[in-house]
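Residue numbers (my numbering), protein chains in the order written: chain A, 3 to 387; chain B, 3 to 387.
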């Protein structure tokens with residue numbers, strides 16, 4: 003096991019009706035900005051529950067945060083924050099809304115010249131408005147971590163700070179019943195790949211971390227498809243297991259003390275930035291190719307993955323690795339996401355642009371060994387054709 | 003899955019040499035009371051590391067906290083706290099020292115008449131001194147939870163508050179190399195039974211919680227005996243896996259959203275209170291008997307335990323349950339702890355006193371169903387003879 007420091011102070015309220023808890027969580031004298039996306043929270047009853055819980059608070063709202071939240075949209079919130087002396091941000095939505103809330107919270111109190119530098123120059127933030135989150139789409143884990151990704155001019159840029167980790171998060175599985183199949187499939191795949199990025203590297207004998215990761219992977223494999231099948235898609239236990247898995251997949255715990263990869267994410271971000279492909283769908287395209295191209299360096303963990311996650315015991319080592327990769331692709335297909343660039347109408351002609359973007363963003367030494375060069379990324383993208 | 007609220011803000015510093023982190027964790031203007039036990043930290047180098055890390059702080063010390071820390075000992079700390087205006091407690095030791103530090107921290111700022119009522123009348127505390135912990139014995143999980151057990155006149159009484167959860171905990175597996183075999187065996191069994199109390203109940207389809215628990219149980223089963231075997235007992239990876247398992251076993255995570263039992267602990271506490279048996283050794287005696295007596299109500303989970311933790315696939319259901327219980331006992335024996343009352347020279351004549359104590363302490367409806375009456379506890383103790 004590697005040395006680590008780990009803390010996750012986000013208070014989780016999990017279960018049906020827990021949205022009411024925000025009335026206790028946010029100080030009564032706070033001036034709250036409720037931020038959300040395109041308005042789906044108004045049709046599924048979440049907005050009304052939030053408004054009801056805030057009936058003793060002073061609050062304002064800012065909507066229109068899009069998937070892959072854009073810098074320009076988020077900066078528009080500053081006007082309302084200044085006009086109303088906002089001092090608390092309540093994010094209601096999926097990972098994009100929570101990510102957006104984090105940037106808004108950091109930009110408001112940024113003491114540098116230009117909030118863009120939080121992303122562009124990775125300037126450290128020293129303060130941020132407090133944030134609470136009501137999660138409507140289990141996927142990114144953003145509700146209890148300090149990570150955010152913001153897009154500007156086709157560039158997806160991350161920043162991270164414990165100062166923007168939500169103080170509390172409400173996870174009500176019932177609110178996920180109104181999600182589309184596409185949102186469910188994307189969310190399950192996102193959580194699955196988050197886990198893989200922290201697991202499928204090389205062994206440091208972190209037995210707890212490995213088994214926790216394997217438990218999340220198995221749960222997502224079992225429960226994910228049920229959330230798409232007509233007979234089981236309304237089952238709240240299925241939704242609860244998916245929701246808790248997605249939070250645990252990226253709250254810092256399973257990655258503490260073990261190597262991490264994240265090459266699938268970094269290559270995937272360029273697919274979203276350049277071609278607008280949904281985040282999770284970039285992951286389901288890139289991950290199988292990463293498994294194949296990095297097969298030798300990941301060999302020990304691929305065998306463990308084959309055995310513990312997929313219960314593969316027959317055949318020699320290479321056969322089991324092949325099968326595990328194939329089963330991963332089949333799981334993605336069950337979740338109705340693509341596994342090849344050709345599935346999203348991209349081809350070999352598009353790879354040059356992706357490599358150029360990776361280079362521009364300094365993504366020249368990816369993976370747990372830092373040995374995924376631009377040439378290796380090209381190999382991965384060719385493998386994913 | 004049951005509804006839950008969960009938060010664990012303790013910052014963990016894990017790895018060799020991490021004791022140095024306390025110099026950053028404790029504010030420089032704090033007046034620190036270093037509390038510890040019998041002085042083993044002076045012979046194993048931990049004391050010197052702590053003193054070195056505190057070289058810029060103002061600190062005092064209070065030693066002599068015994069296993070099953072006593073109320074009378076802990077109250078003696080109040081004099082030094084008042085004399086030196088102490089405002090921060092640093093616990094250096096195992097679970098007993100950390101539990102003791104929690105009571106000291108709560109008693110100092112208790113606004114009731116008598117701190118004894120925190121235990122005797124379960125009076126709520128509204129403030130406590132901040133606590134940090136340097137853990138030397140992986141076992142109780144006290145380093146990152148809000149629980150404490152204090153003993154007075156043979157009565158073990160618990161209290162719990164988020165206010166006494168350590169703000170930070172240092173976990174350096176290397177410091178555990180100086181533990182005796184008895185301490186190691188006790189610690190592994192304590193962590194194992196903590197996990198079982200939150201797992202071996204009835205299913206609410208909490209797939210993440212179940213798999214996390216199973217992962218901890220498997221890790222303790224694999225690594226525990228290695229820490230006692232000459233060839234592997236100095237292996238730091240073994241110690242690291244045990245240490246992280248013990249913390250995760252009782253930090254609130256695996257118990258969030260699932261039913262909990264704790265009957266083994268409650269009956270075990272009376273064995274310690276009445277006869278001075280080490281805490282973990284009461285658990286290894288009581289747990290197999292609880293498994294046998296509550297076999298029907300725990301049937302589904304016993305089968306899951308047999309299959310997932312012990313990989314038992316042969317034979318009918320009852321055979322697999324029998325085998326799982328037997329393997330549990332054999333694991334305890336490997337950890338050099340007793341599994342029967344007769345192993346600690348107790349017999350049927352001693353059961354009346356234990357039942358009387360359970361009654362005095364209101365322990366008349368134990369277990370995840372609240373159906374372990376005094377008669378049922380007697381049956382469990384007879385089973386454990």
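Positions of the beta carbon are idealized from the N, C-alpha and C atoms, including for glycine.
- Message: Spatial neighbours of residue 242 of chain B within its chain, please: C-beta separation below 7 angstroms, excluding the five flanking residues on both sides.
- Response: Here the set comprises 175.
- Query: With burial defined as no fewer than 16 other Cβ atoms inside 10 Å of the residue's Cβ, what is the status of residue 40 of chain A: buried or exposed?
  - Reply: Exposed: under 16 other Cβ atoms inside 10 Å.
- Task: Say whether chain A places a C-beta atom closer than 8 angstroms to the C-beta of residue 6 of chain B.
- Result: Yes, its Cβ sits closer than 8 angstroms to a Cβ of chain A.
- Query: Would you call the stretch 130-139 of chain B and the stretch 100-109 of chain B in contact, with 3 or more CB pairs under 8 angstroms?
  - Reply: yes
- Task: With DSSP collapsed to three states, give me the class of residue 36 of chain A.
- Result: strand
- First through last residue of the beta strand (DSSP E) which encompasses residue 290 of chain B: Looking at the DSSP string, residue 290 of chain B is not in any beta strand (DSSP E); the run it does join, the alpha helix (DSSP H), is 281-295.
- Hey, how far is the Cα of residue 321 of chain A from the Cα of residue 285 of chain A? 24 angstroms
- Task: Give the residues of chain A in contact with residue 119 of chain B, contact being defined as C-beta atoms less than 8 angstroms apart.
- Result: Those within 8 angstroms of residue 119 of chain B in chain A number zero; the least Cβ separation is about 27 angstroms.
- Considering only C-alpha positions, which residue in the set B:307, B:4, B:249, B:237 is nearest to residue 167 of chain B? The shortest C-alpha separation from residue 167 of chain B is found at B:249.
- Give the secondary structure of residue 63 of chain A by DSSP, where H, G and I count as helix, E and B as strand, and everything else as coil. Judged by DSSP in its simplified three-state form, residue 63 of chain A adopts strand.
- Could one say the Cβ of residue 312 of chain A lies closer than 8 angstroms to chain B's Cβ atoms, at least one of them? no
- Message: Tell me which residue opens and which closes the alpha helix (DSSP H) that residue 95 of chain B is part of.
- Response: Looking at the DSSP string, residue 95 of chain B is not in any alpha helix (DSSP H); the run it does join, the beta strand (DSSP E), is 90-95.
- Would you list the one or two residues that DSSP bridges to residue 134 of chain A? Checking the DSSP bridge columns, you'll see residue 134 of chain A partnered with A:92, A:170.
- Message: Under DSSP, the beta strand (DSSP E) around residue 9 of chain A begins and ends at which residues?
- Response: 6-16 is the extent of the beta strand (DSSP E) around residue 9 of chain A.
- Give me the Cα-Cα distance between residue 314 of chain B and residue 223 of chain B, rounded to the nearest whole angstrom. 15 angstroms
- If you scan the stretch 111-155 of chain B from start to end, which runs of the alpha helix (DSSP H) of 4 or more residues do you find wholly inside it? Runs found: 118-122.
- Message: Mapping the DSSP letters down to three states, classify residue 164 of chain B as helix, strand or coil.
- Response: helix
- Task: Look at the alpha carbon of residue 220 of chain A and the alpha carbon of residue 228 of chain A, and state the distance between them as a whole number of angstroms.
- Result: 13 angstroms
- Item | Positions along the stretch 189-216 of chain A whose CB lies within less than 7 angstroms of some CB in chain B | 207, 209, 210, 213, 214
- chain A contacts made by the stretch 235-253 of chain B, where a contact means CB separation under 7 angstroms: 239, 242, 243, 246, 247, 250
- What residues in the stretch 11-45 of chain A have a beta carbon less than 9 angstroms from any beta carbon of chain B? 11, 12, 13, 14, 15, 16, 17, 18, 19, 20, 23
- How should residue 119 of chain B be labelled, buried or exposed, when 16 other C-beta atoms within 10 angstroms of its C-beta is the threshold for buried? exposed
- Terminal residues of the alpha helix (DSSP H) in which residue 195 of chain A lies: First-last of the alpha helix (DSSP H) with residue 195 of chain A: 183-201.
- residue 316 of chain B, buried or exposed, once every other Cβ within 10 Å from all chains shown has been counted against 16: exposed
- Task: State yes or no: is the C-beta of residue 4 of chain B within less than 8 angstroms of the C-beta of residue 206 of chain B?
- Result: Yes, the Cβ-Cβ distance between residue 4 of chain B and residue 206 of chain B is below 8 angstroms.
- Task: Please classify residue 83 of chain A: is it buried, with 16 or more other beta-carbons within 10 angstroms of its beta-carbon, or exposed?
- Result: The C-beta of residue 83 of chain A has 16 or more other C-beta atoms within 10 Å across all chains shown, which makes the residue buried.
- Neighbour flag for residue 179 of chain A against chain B, beta carbons, 8 angstroms: no
- Use the C-beta contact count for residue 26 of chain A: other C-beta atoms within 10 angstroms, 16 or more gives buried, fewer gives exposed. Classification for residue 26 of chain A: exposed.
- CA-CA distance, residue 271 of chain B and residue 377 of chain B? 17 angstroms
- Query: How is the alpha helix (DSSP H) around residue 312 of chain B delimited, first residue to last?
  - Reply: It is not in any alpha helix (DSSP H) - residue 312 of chain B carries neither H nor E in the DSSP assignment.
- Task: Would you kindly report the start and end of the unbroken alpha helix (DSSP H) that includes residue 210 of chain B?
- Result: 209-225
- Task: Tell me, please, whether the CB atom of residue 330 of chain B is closer than 8 angstroms to any CB atom in chain A?
- Result: no
- Any beta-carbon of chain A closer than 8 angstroms to the one on residue 337 of chain B? no
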